[in-house]
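Residue numbers (the numbering used here), protein chains in the order written: chain A, 177 to 251; chain B, 177 to 251; chain C, 177 to 251; chain D, 177 to 251; chain E, 177 to 251. Report on one structure; see the data block that follows.
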Amino acid sequence: MEADAAKLIGAGIACIGMGGAGVGLGSLFGHFLEGALRNPAAADGQFGRLIFGFAVTEALGIFSLLIALLLIFAV
Amino acid sequence: MEADAAKLIGAGIACIGMGGAGVGLGSLFGHFLEGALRNPAAADGQFGRLIFGFAVTEALGIFSLLIALLLIFAV
Amino acid sequence: MEADAAKLIGAGIACIGMGGAGVGLGSLFGHFLEGALRNPAAADGQFGRLIFGFAVTEALGIFSLLIALLLIFAV
Amino acid sequence: MEADAAKLIGAGIACIGMGGAGVGLGSLFGHFLEGALRNPAAADGQFGRLIFGFAVTEALGIFSLLIALLLIFAV
Amino acid sequence: MEADAAKLIGAGIACIGMGGAGVGLGSLFGHFLEGALRNPAAADGQFGRLIFGFAVTEALGIFSLLIALLLIFAV
Numbered sequence: 177m178e179a180d181a182a183k184l185i186g187a188g189i190a191c192i193g194m195g196g197a198g199v200g201l202g203s204l205f206g207h208f209l210e211g212a213l214r215n216p217a218a219a220d221g222q223f224g225r226l227i228f229g230f231a232v233t234e235a236l237g238i239f240s241l242l243i244a245l246l247l248i249f250a251v
Numbered sequence: 177m178e179a180d181a182a183k184l185i186g187a188g189i190a191c192i193g194m195g196g197a198g199v200g201l202g203s204l205f206g207h208f209l210e211g212a213l214r215n216p217a218a219a220d221g222q223f224g225r226l227i228f229g230f231a232v233t234e235a236l237g238i239f240s241l242l243i244a245l246l247l248i249f250a251v
Numbered sequence: 177m178e179a180d181a182a183k184l185i186g187a188g189i190a191c192i193g194m195g196g197a198g199v200g201l202g203s204l205f206g207h208f209l210e211g212a213l214r215n216p217a218a219a220d221g222q223f224g225r226l227i228f229g230f231a232v233t234e235a236l237g238i239f240s241l242l243i244a245l246l247l248i249f250a251v
Numbered sequence: 177m178e179a180d181a182a183k184l185i186g187a188g189i190a191c192i193g194m195g196g197a198g199v200g201l202g203s204l205f206g207h208f209l210e211g212a213l214r215n216p217a218a219a220d221g222q223f224g225r226l227i228f229g230f231a232v233t234e235a236l237g238i239f240s241l242l243i244a245l246l247l248i249f250a251v
Numbered sequence: 177m178e179a180d181a182a183k184l185i186g187a188g189i190a191c192i193g194m195g196g197a198g199v200g201l202g203s204l205f206g207h208f209l210e211g212a213l214r215n216p217a218a219a220d221g222q223f224g225r226l227i228f229g230f231a232v233t234e235a236l237g238i239f240s241l242l243i244a245l246l247l248i249f250a251v
């Protein structure tokens with residue numbers, strides 16, 4: 177296989193990493209919302225931590241997207 | 177393998193990333209609905225955060241779709 | 177491997193994405209039903225959100241199906 | 177297959193490790209937030225452990241990113 | 177395929193092991209924190225066991241990293 181072909185397969189595989197970040201984000205927001213519906217008064221106070229957790233999880237998905245785009249266009 | 181063949185396999189693999197986002201969305205809405213059924217009065221107040229979580233999770237799935245379509249039609 | 181063979185492998189792999197959406201849908205309806213059985217009176221009021229969550233999760237599975245059909249018939 | 181091609185496929189596969197760390201981070205923050213919403217007064221006292229858990233989980237994702245970048249640019 | 181190429185693919189695949197350890201760490205700390213927030217007074221007494229669980233889980237991720245680096249640089 178030539179490098180020209182391998183990078184296209186690699187870009188496809190890199191998307192699986194995005195899927196994992198998607199699972200994590202769904203779990204994060206799902207549990208937050210379940211807790212927020214049980215105790216809505218406290219939800220605003222935890223919003224900063226929700227955003228922090230969202231940012232670091234989303235970052236891993238964006239890194240995967242970066243690797244995929246890098247493999248398609250830059251290598 | 178030639179690049180012509182590799183991109184078709186890569187597009188198929190990229191769909192696994194969509195599957196991960198699907199797992200996340202199901203978990204997100206499932207936990208929200210379980211909480212909303214326990215405390216329906218608070219469900220409207222958390223709807224904005226549900227949509228926010230939905231948007232960032234769906235985005236990762238759409239990125240995977242983008243890579244798949246890119247591999248099929250643009251490379 | 178020629179492109180003619182690769183697209184058939186790619187179409188098969190794309191189905192894993194449908195499997196992920198299936199996990200998500202199962203989790204979504206499962207948690208909804210658990211909540212609905214605890215508080216059946218509120219279930220009708222959340223039905224709209226259930227359908228919304230179902231639609232966006234199913235969409236990711238349909239996108240994977242689309243890529244699979246595209247790989248078999250259109251490429 | 178030449179090493180030139182193999183490293184690009186390897187970089188793509190390394191992204192799956194990032195996805196796993198993403199699943200872990202989502203689960204970590206999700207459960208923390210659910211607990212914090214049930215007992216907001218204690219949330220600040222456990223914040224140090226949240227950050228410790230976040231750091232060691234994120235580290236595994238960053239190691240995967242490191243391997244991916246190493247494979248693309250350094251090998 | 178030559179051994180020169182195979183070891184680079186192997187290094188990428190080794191990262192999947194890191195991802196699995198990441199899922200485990202997230203689940204470990206997440207469940208600990210949820211329990212610690214329900215009963216904060218007992219959290220300090222269980223901290224030693226948290227660290228023990230963390231160490232053996234992290235070790236598996238580090239072993240994967242070791243194999244990946246070994247494949248790239250030492251073989």
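Heads up, the beta-carbon is just placed ideally off N, CA and C, and yes, glycines get one too.
Residue i lies in the alpha helix (DSSP H); which residues open and close that run?
i, result
"Ile-185 of chain C", "179-214"
"Leu-245 of chain B", "223-245"
Can you list the residues of chain A that residue i reaches, using a CB-CB cut of under 8 Å?
i, result
"Gly-262 of chain E", "Nothing about residue 262 of chain E can be read from this structure; chain E reaches only from 177 to 251."
"Arg-214 of chain D", "Gly-211, Arg-214 and Asn-215"
Out of the options, point me to the one whose CA is closest to residue i's CA.
i, options, result
"Ser-240 of chain A", "A:Ala-187, A:Glu-178, A:Met-177 and A:Gly-229", "A:Ala-187"
"Leu-242 of chain A", "A:Ile-189, A:Ile-227, A:Leu-209 and A:Val-199", "A:Ile-189"
"Ala-197 of chain C", "C:Lys-183, C:Glu-234 and C:Ala-181", "C:Glu-234"
"Leu-226 of chain C", "C:Leu-209, C:Arg-214, C:Met-177 and C:Leu-246", "C:Leu-209"
"Asp-220 of chain C", "B:Pro-216, B:Phe-223 and B:Ile-248", "B:Pro-216"
Check whether the Cβ atoms of residue i and residue j sit closer than 7 Å, and answer yes or no.
i, j, result
"Phe-205 of chain B", "Leu-204 of chain C", "yes"
"Gly-229 of chain D", "Gly-195 of chain E", "no"
"Ile-238 of chain A", "Ile-185 of chain B", "no"
"Ala-179 of chain A", "Asp-180 of chain D", "yes"
"Ser-213 of chain D", "Ala-212 of chain A", "Here residue 213 of chain D turns out to be Leu, not Ser, going by the sequence shown. Going by C-beta atoms, Leu-213 of chain D is nearer than 7 Å to Ala-212 of chain A."
"Val-232 of chain A", "Val-199 of chain B", "no"
"Gly-193 of chain C", "Cys-191 of chain B", "yes"
"Lys-183 of chain B", "Leu-247 of chain B", "yes"
Which chain B residues are close to residue i, counting only those with a beta carbon under 7 Å from its beta carbon?
i, result
"Ala-244 of chain A", "Ile-243"
I want to verify the contact list: residues of chain A whose CB lies under 9 Å from the CB of residue i, in sequence order.
i, result
"Phe-230 of chain D", "Phe-228, Gly-229 and Val-232"
By the criterion of Cβ-Cβ separation under 8 Å, what are the contact partners of residue i in chain E?
i, result
"Ile-189 of chain D", "Ile-185, Gly-188, Ile-189, Cys-191 and Ile-192"
Output, in chain order, the set of chain D residues within a Cβ distance shorter than 9 Å of residue i.
i, result
"Ala-219 of chain E", "Ala-218, Gly-221, Gln-222 and Arg-225"
Residue i versus chain C: which residues are under 8 Å apart at the beta carbon?
i, result
"Ala-182 of chain B", "Ala-182"
Is residue i close to chain H? Criterion is C-beta to C-beta, closer than 7 Å.
i, result
"Ala-235 of chain B", "Any reference to chain H falls outside this structure, whose protein chains are A, B, C, D and E."
Any C-beta of chain B within less than 9 Å: which residues of the segment 197-208 of chain C qualify? Ala-197, Gly-198, Val-199, Gly-200, Leu-201, Gly-202, Ser-203, Leu-204, Phe-205, Gly-206, His-207 and Phe-208
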